[in-house]
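Student: Here it is: the structure, laid out below.
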Amino acid sequence: MKKFLVKPETKVKLSKYDPNDKGDFKGGKEEGLAKLEKLNGKLESLQELLYAEHKHKVLIVLQAMDAGGKDGTIRRVFDSVNPAGVRVAAFKAPTAEELDHDYLWRIHKQVPGKGEMVIFNRSHYEDVLVVRVHNYVQPEVWKQRFDQINEFERALAENGTTILKFYLHIDMDEQKERLQARLDDPTKRWKFRLGDLEERKLWPQYMEAFEDVLSKTSTEYAPWYVIPANRKWFRDLAISTILVDTLEGLKMNYPESEENLDGVMIE
Ligand code: ATP
Ligand code: MG
Numbered sequence: 038m039k040k041f042l043v044k045p046e047t048k049v050k051l052s053k054y055d056p057n058d059k060g061d062f063k064g065g066k067e068e069g070l071a072k073l074e075k076l077n078g079k080l081e082s083l084q085e086l087l088y089a090e091h092k093h094k095v096l097i098v099l100q101a102m103d104a105g106g107k108d109g110t111i112r113r114v115f116d117s118v119n120p121a122g123v124r125v126a127a128f129k130a131p132t133a134e135e136l137d138h139d140y141l142w143r144i145h146k147q148v149p150g151k152g153e154m155v156i157f158n159r160s161h162y163e164d165v166l167v168v169r170v171h172n173y174v175q176p177e178v179w180k181q182r183f184d185q186i187n188e189f190e191r192a193l194a195e196n197g198t199t200i201l202k203f204y205l206h207i208d209m210d211e212q213k214e215r216l217q218a219r220l221d222d223p224t225k226r227w228k229f230r231l232g233d234l235e236e237r238k239l240w241p242q243y244m245e246a247f248e249d250v251l252s253k254t255s256t257e258y259a260p261w262y263v264i265p266a267n268r269k270w271f272r273d274l275a276i277s278t279i280l281v282d283t284l285e286g287l288k289m290n291y292p293e294s295e296e297n298l299d300g301v302m303i304e
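Each number in my numbering corresponds to the 1-based position in the sequence shown with 37 added.
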């Protein structure tokens with residue numbers, strides 16, 4: 038899955054990334070789902086260890102085009118994790134109060150504390166994506182934000198946060214199918230907004246904005262991964278594999294008990 042990592046300071050062209058890629062994975066959907074189930078079990082244990090050790094903070098950022106699968110990823114990758122140990126923070130269009138502050142204000146309030154795992158469903162990257170594409174601020178303003186974001190994430194990392202960022206890469210045909218499915222299925226229609234069609238027309242502008250994000254803000258301390266996401270099962274498998282590998286790399290341990298409890302018997 039290392040293949041999907043964006044190495045720092047590389048110029049990303051998304052047209053070179055195949056949204057149907059399976060990397061080195063040779064199996065099909067069935068094998069993929071079986072592997073995911075095993076990984077889900079590992080993630081459950083790792084999350085418990087993270088909580089028990091109370092040392093590391095884990096931040097997972099999800100960004101994608103509409104219908105890119107952020108919600109589905111959260112549902113399936115974190116399927117087995119104790120809900121008490123993870124938190125999802127979703128960032129919608131900013132409120133008046135949020136707009137009165139700098140764009141990182143609402144973000145900083147949601148970052149994980151010790152032992153916590155937080156998933157960002159959209160993030161501060163909206164401030165160089167939707168904000169840029171719609172000219173909500175002048176180019177001089179959003180252009181400064183790449184450095185600001187890198188510095189912000191560096192500060193989080195230096196203070197014990199492990200950061201993983203995933204861009205879920207689908208193509209326009211896949212989006213078409215998924216948006217149509219939302220329209221056709223009465224139980225999914227609530228997810229559809231007419232505005233999604235306006236955003237779809239801006240696909241090339243969004244791709245350019247994403248390419249800048251990936252090229253300028255993938256760092257050693259907060260790497261981006263471009264996840265092929267046309268196949269939902271592979272998307273989940275890729276993210277779960279990277280997450281489990283990263284958590285295993287933290288070499289976490291259960292904490293020592295405060296006193297020697299050996300031989301203590303409960304009456
Ligand atoms: P789904 O992908 O399932 O449709 P969603 O994440 O799109 O879910 P919505 O409520 O449909 O949820 O959309 C949230 C909206 O908030 C998006 O259109 C997004 O671009 C917008 N948004 C988020 N952050 C900002 C921001 N900083 N400035 C302006 N708009 C923002
Ligand atoms: Mg939406």
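By construction, the Cβ of each residue, glycine as well, lies at the ideal position given by its N, Cα and C atoms.
1) What ranges does the beta strand (DSSP E) occupy inside the segment 245-278, keeping only unbroken runs of at least 3 residues that lie completely in it?
2) In whole angstroms, give me the CA-to-CA distance for E81 and G64.
3) Does the beta-carbon of A192, which I'm using as the reference point, lie nearer than 7 Å to any heavy atom of ligand 1?
4) So, at 6 Å on beta carbons, what are the nonlocal neighbours of K66 in its own chain, with the 5 sequence-adjacent residues on each side left out?
5) Helix, strand or coil: how does DSSP classify L239 here?
6) So for T132, helix, strand or coil by DSSP?
7) Output yes or no for whether 8 Å exceeds the beta carbon distance between L301 and Y162.
8) Ends of the beta strand (DSSP E) at M154?
9) Report yes if the CB atom of E248 is closer than 8 Å to the CB atom of K50, and no otherwise.
10) For Y122 versus Q84, is the C-beta spacing smaller than 8 Å?
11) What is the DSSP secondary structure of T13, reduced to helix, strand or coil?
12) Between the segment 252-261 and the segment 194-203, do at least 3 Cβ pairs fall closer than 8 Å?
13) State the start and end residues of the unbroken beta strand (DSSP E) segment that holds V123.
14) Short of 8 Å in beta carbon distance, which residues of its chain neighbour N282, apart from the five on each side in sequence? Order them along the chain.
15) Apart from the five residues on each side of it in sequence, which residues of its chain come closer than 7 Å, Cβ to Cβ, to L239?
16) Using only alpha-carbon positions, find the residue among T224, R226, L216, D222 that is nearest to L234.
17) Contact defined as beta carbons within less than 8 Å: I believe I276 pairs with F203. What is the distance between those atoms, to the nearest angstrom?
18) With which residues is L205 paired in a DSSP beta bridge?
19) Under the rule that 16 or more other beta-carbon atoms within 10 Å means buried, what is H91, buried or exposed?
20) Return yes when at least one heavy atom of ligand 1 lies under 7 Å from the C-beta of D103, else no.
21) Thinking just about the alpha-carbon of each residue, which of E304, T278, D299 is nearest to the one in F115?
22) Would you please state the rounded distance, in angstroms, between the beta carbons of R159 and F183? I believe it to be under 8 Å.
23) Please state whether the Cβ-Cβ distance between L96 and I207 is less than 8 Å.
24) Measuring alpha carbon to alpha carbon, tell me which of E135, W227, G152, T47 ends up nearest D164.
25) Considering only C-alpha positions, which residue in the set R230, N290, N77 is nearest to G152?
26) Would you say the beta carbon of V43 comes nearer than 7 Å to a heavy atom of ligand 1?
27) Is I301 helix, strand or coil by DSSP?
Tutor: Answer, in terms of the structure:
1) Those beta strand (DSSP E) runs which fall completely within the segment 245-278 and span 3+ residues are 261-265.
2) Within the model, the alpha-carbon separation for E81 versus G64 is close to 24 Å.
3) Not one heavy atom of ligand 1 lies closer than 7 Å to the C-beta of A192.
4) Contacts found: W270.
5) It is coil, neither helix nor strand.
6) Correct three-state label for T132: coil.
7) The question names Leu, yet the displayed sequence has Val at residue 301. It is not a contact, given that the beta carbons lie outside the stated cut-off.
8) Looking at the DSSP string, the run of the beta strand (DSSP E) that includes M154 is 154-158.
9) K50 sits close to E248, with the two beta carbons spaced by under 8 Å.
10) One point to set straight first is that residue 122 is Gly, not Tyr, in the sequence displayed. Yes; because the gap between Cβ atoms is below 8 Å, this pair is in contact.
11) Nothing about residue 13 can be reported from this structure: the residues present for the chain run from 38 to 304 only.
12) By the Cβ criterion, the segment 252-261 is in contact with the segment 194-203, since at least three pairs of Cβ atoms, one from each stretch, lie closer than 8 Å.
13) It spans 123-127 - the beta strand (DSSP E) in which V123 sits, taken as one unbroken run.
14) It should be noted that the sequence gives Asp, not Asn, for residue 282. Taken in chain order, the residues that qualify are M38.
15) Closer than 7 Å at the Cβ level, and outside the excluded window around L239, lie V170.
16) Among T224, R226, L216, D222, the Cα nearest to that of L234 belongs to L216.
17) Contact between I276 and F203 is confirmed by a C-beta separation of about 6 Å, below the 8 Å threshold.
18) In the DSSP assignment, the residues bridged to L205 are A101, I264.
19) Counting of Cβ neighbours within 10 angstroms places H91 among the exposed residues, the total staying below 16.
20) Ligand 1 approaches D103 closely enough that one of its heavy atoms is under 7 Å from the residue's Cβ.
21) It is T278.
22) Contact between R159 and F183 is absent: CB atoms are separated by about 17 Å, not below the 8 Å threshold.
23) Between L96 and I207, the CB-CB gap reaches or exceeds 8 Å.
24) Comparing Cα-Cα distances from D164 to each of E135, W227, G152, T47, the minimum goes to E135.
25) The closest CA to that of G152, considering only R230, N290, N77, is found on N290.
26) No, the beta carbon of V43 sits no closer than 7 Å to any heavy atom of ligand 1.
27) At residue 301 the sequence reads Val, which differs from the Ile that was named. Three-state DSSP puts V301 in coil, outside helix and strand.
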